[in-house]
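First to last, the protein sequences are chains A and B.
Heads up, the numbering used here is the position in the first sequence plus 1, with the first residue counted as 1.
Heads up, the numbering used here is the position in the second sequence plus 570, with the first residue counted as 1.
Using N, Cα and C, we set each Cβ at its ideal position, and we do this for glycine too.
Down below is the structure, laid out as structure tokens.
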Amino acid sequence: DSGVTQTPKHLITATGQRVTLRCSPRSGDLSVYWYQQSLDQGLQFLIQYYNGEERAKGNILERFSAQQFPDLHSELNLSSLELGDSALYFCASSPGSLANEKLFFGSGTQLSVL
Amino acid sequence: AQKVTQAQTEISVVEKEDVTLDCVYETRDTTYYLFWYKQPPSGELVFLIRRNSFDEQNEISGRYSWNFQKSTSSFNFTITASQVVDSAVYFCALSEGGSGTYKYIFGTGTRLKVLA
Numbered sequence: 002d003s004g005v006t007q008t009p010k011h012l013i014t015a016t017g018q019r020v021t022l023r024c025s026p027r028s029g030d031l032s033v034y035w036y037q038q039s040l041d042q043g044l045q046f047l048i049q050y051y052n053g054e055e056r057a058k059g060n061i062l063e064r065f066s067a068q069q070f071p072d073l074h075s076e077l078n079l080s081s082l083e084l085g086d087s088a089l090y091f092c093a094s095s096p097g098s099l100a101n102e103k104l105f106f107g108s109g110t111q112l113s114v115l
Numbered sequence: 571a572q573k574v575t576q577a578q579t580e581i582s583v584v585e586k587e588d589v590t591l592d593c594v595y596e597t598r599d600t601t602y603y604l605f606w607y608k609q610p611p612s613g614e615l616v617f618l619i620r621r622n623s624f625d626e627q628n629e630i631s632g633r634y635s636w637n638f639q640k641s642t643s644s645f646n647f648t649i650t651a652s653q654v655v656d657s658a659v660y661f662c663a664l665s666e667g668g669s670g671t672y673k674y675i676f677g678t679g680t681r682l683k684v685l686a
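This is how it looks when you write it as structure tokens:
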């Protein structure tokens, strides 16, 4: 068990809808990362937060947004969902904001858009 | 540009065979870090190893070994005497710089199937 908690584990919704994925980092970790894993594109980096502030942005669509709250948990909001958004969404955490830190991953949220 | 390439999409070997997973990276930074992660069928990625750009010494840990060559921008992973439990997707990752703003990116992964 990595200590990173993601909820829900599975989410089924329809096109056009909006969903929120939640992540609680390991105790003491200040950084949270979001990744999207699809069959053909591997693990795509979406965004990183450190202690409540956005630190780095990857290939995150404008329909997607995220934030990290004062208690350090993070939420990834996906809106106007399309079939292509179906994927496994991972959250990871690390103690600080150093590039050499290893990441601790949650078990992911499987999103199915029908 | 920062990029990680894992050209092998899927590899199948028979148990006890040795197997090497390739990873080629691109970066403009002189300071960077390379990682390997394992994603077993359960789904959660697990850290295996980290290397910094100033340390080209190869590393061995049990049946696992890693070969880092800056001259070819490669960080390959070898499993000796593979076992069925090694079946997983393996990801290579790259992170640049020291602290602050950086992107921690992954390759597309190599699915390893070890057959009994």
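Q.
Quick check on residue 649 (chain B): buried or exposed, where buried means 16 or more other Cβ atoms within 10 Å of its Cβ?
A. Reading the second sequence from its first residue, position 79 is the one you call residue 649 (chain B). With 16 or more other Cβ atoms within 10 Å, it is buried.
Q: Just mark residue 15 (chain A) as buried or exposed, buried being the case when its beta carbon has 16 or more other beta carbons within 10 Å.
A: On the first sequence, residue 15 (chain A) is found 14 positions in, with the first residue counted as 1. It counts as exposed.
Q. Residue 50 (chain A) to residue 631 (chain B), Cα distance in whole Å?
A. Walking along the first sequence from the start, residue 50 (chain A) turns up at place 49. Walking along the second sequence from the start, residue 631 (chain B) turns up at place 61. Spanning the two alpha carbons is a distance of roughly 33 Å.
(Q) Here's a check: name, in chain order, each residue in its chain whose Cβ is nearer than 7 Å to the Cβ of residue 71 (chain A), leaving out the five neighbours to either side. (A) On the first sequence, residue 71 (chain A) is found 70 positions in, with the first residue counted as 1. The residues 53, in chain order, have a CB closer than 7 Å to that of residue 71 (chain A) in the same chain once the five nearest residues on each side in sequence are set aside.
Q.
Using a Cβ-Cβ cutoff of 9 Å, what residues of the segment 72-106 of chain A are near chain B? List them in chain order.
A. Correct list: 89, 91, 93, 95, 97, 98, 99, 100, 101, 102, 103, 104, 105, 106.
Q) Does DSSP put residue 85 (chain A) in a helix, a strand or coil? A) Mapped onto the first sequence, residue 85 (chain A) falls at position 84. DSSP places residue 85 (chain A) in helix when its eight states are reduced to three.
Q: Throw me the rounded Cβ distance for the residue 658 (chain B) and residue 610 (chain B) pair, which I believe falls under 8 Å.
A: For this step, residue 658 (chain B) is matched to residue 88 along the second sequence. For this step, residue 610 (chain B) is matched to residue 40 along the second sequence. The pair is a contact, with the Cβ atoms about 5 Å apart (cut-off 8 Å).
Q. Looking only at its own chain, which residues have a Cβ that is under 6 Å from the Cβ of residue 591 (chain B), when we skip the five neighbours before and after it?
A. The residue labelled residue 591 (chain B) in the question sits at position 21 within the second sequence. Here the set comprises 647, 660, 680.
Q.
Am I right that residue 80 (chain A) and residue 19 (chain A) are in contact with their C-beta atoms under 8 Å? What's the rounded C-beta distance?
A. The residue given as residue 80 (chain A) occupies position 79 in the first sequence. The residue given as residue 19 (chain A) occupies position 18 in the first sequence. In this structure residue 80 (chain A) touches residue 19 (chain A) by the C-beta definition: roughly 4 Å separates them, less than 8 Å.
Q. Mind pulling the chain A residues with CB within less than 9 Å of residue 678 (chain B)?
A. Here residue 678 (chain B) refers to the residue found at position 108 of the second sequence. Under the 9 Å cutoff, chain A gives 41, 42, 43, 44.
Q. How far does the beta strand (DSSP E) with residue 617 (chain B) in it reach, from first residue to last?
A. Reading the second sequence from its first residue, position 47 is the one you call residue 617 (chain B). From DSSP, the beta strand (DSSP E) with residue 617 (chain B) extends over 616-622.
Q: Return the residues of the segment 574-596 of chain B that lie within a Cβ-Cβ distance of less than 7 Å from chain A, sorted by chain order.
A: Residues of the segment 574-596 of chain B whose Cβ lies closer than 7 Å to any Cβ of chain A: none.
**Q.** Cα-Cα separation between residue 36 (chain A) and residue 617 (chain B), rounded to whole angstroms
**A.** Here residue 36 (chain A) refers to the residue found at position 35 of the first sequence. Here residue 617 (chain B) refers to the residue found at position 47 of the second sequence. Taking the CA atoms as reference points, residue 36 (chain A) sits about 15 Å from residue 617 (chain B).
Q) Quick one: complete beta strand (DSSP E) runs, 3+ long, within the segment 29-109 of chain A? A) Secondary structure within the segment 29-109 of chain A: the beta strand (DSSP E) runs of 3 or more consecutive residues, fully enclosed, are 32-39, 43-51, 54-58, 65-69, 75-79, 88-95 (chain order).
Q. If you compare alpha carbons, which of A:108, A:78, A:74, A:45 is closest to residue 63 (chain A)?
A. Residue 63 (chain A) sits at position 62 when you count from the first residue of the first sequence. That would be A:78, whose Cα lies nearest to the Cα of residue 63 (chain A).
Q | Given residue 602 (chain B) as reference, the closest of B:683, B:634, B:586, B:643 once Cα atoms are compared | A | To locate residue 602 (chain B), count along the second sequence from 1; it is residue 32. B:643 is the residue among B:683, B:634, B:586, B:643 whose C-alpha sits nearest the C-alpha of residue 602 (chain B).
Q.
For residue 684 (chain B) and residue 653 (chain B), what's the separation of their Cα atoms in angstroms?
A. Within the second sequence, residue 684 (chain B) is the residue found at index 114, counting from 1. Within the second sequence, residue 653 (chain B) is the residue found at index 83, counting from 1. Computed Cα separation, rounded: 6 Å.
Q: Identify the contact partners of residue 614 (chain B) in chain A, using a Cβ-Cβ distance below 8 Å as the criterion.
A: Counting from one through the second sequence, the residue named residue 614 (chain B) turns up at place 44. Ordered by position in chain A, the residues that pass the 8 Å Cβ test against residue 614 (chain B) are 3, 106, 107, 108, 109.
Q. By Cβ distance below 6 Å, which residues in the same chain neighbour residue 573 (chain B) in space, the five residues on each side in sequence not counted?
A. If you number the second sequence from 1, residue 573 (chain B) lands on position 3. Apart from the 5 residues on each side of it in sequence, residue 573 (chain B) sits with its Cβ closer than 6 Å to the Cβ of 596 in its chain, given in chain order.
Q.
If you reduce the DSSP assignment to three classes, tell me which class residue 583 (chain B) lands in.
A. Locating residue 583 (chain B) in the second sequence gives position 13, counting from the first residue. Of the three classes helix, strand and coil, the one that applies to residue 583 (chain B) here is strand, per DSSP.
Q | Amino acids of chain A, ordered along the chain, whose beta-carbon sits closer than 9 Å to that of residue 620 (chain B) | A | Residue mapping note: residue 620 (chain B) aligns to position 50 of the second sequence, counting from 1. Against chain A, the beta carbon of residue 620 (chain B) has neighbours under 9 Å at 101, 102, 103, listed in chain order.
Q) In its own chain, which residues sit with a C-beta less than 8 Å from the C-beta of residue 104 (chain A), not counting the 5 before and 5 after it? A) Mapped onto the first sequence, residue 104 (chain A) falls at position 103. Excluding residues up to 5 positions away in sequence, 34, 93, 94, 95 lie with their Cβ nearer than 8 Å to the Cβ of residue 104 (chain A) in the same chain.
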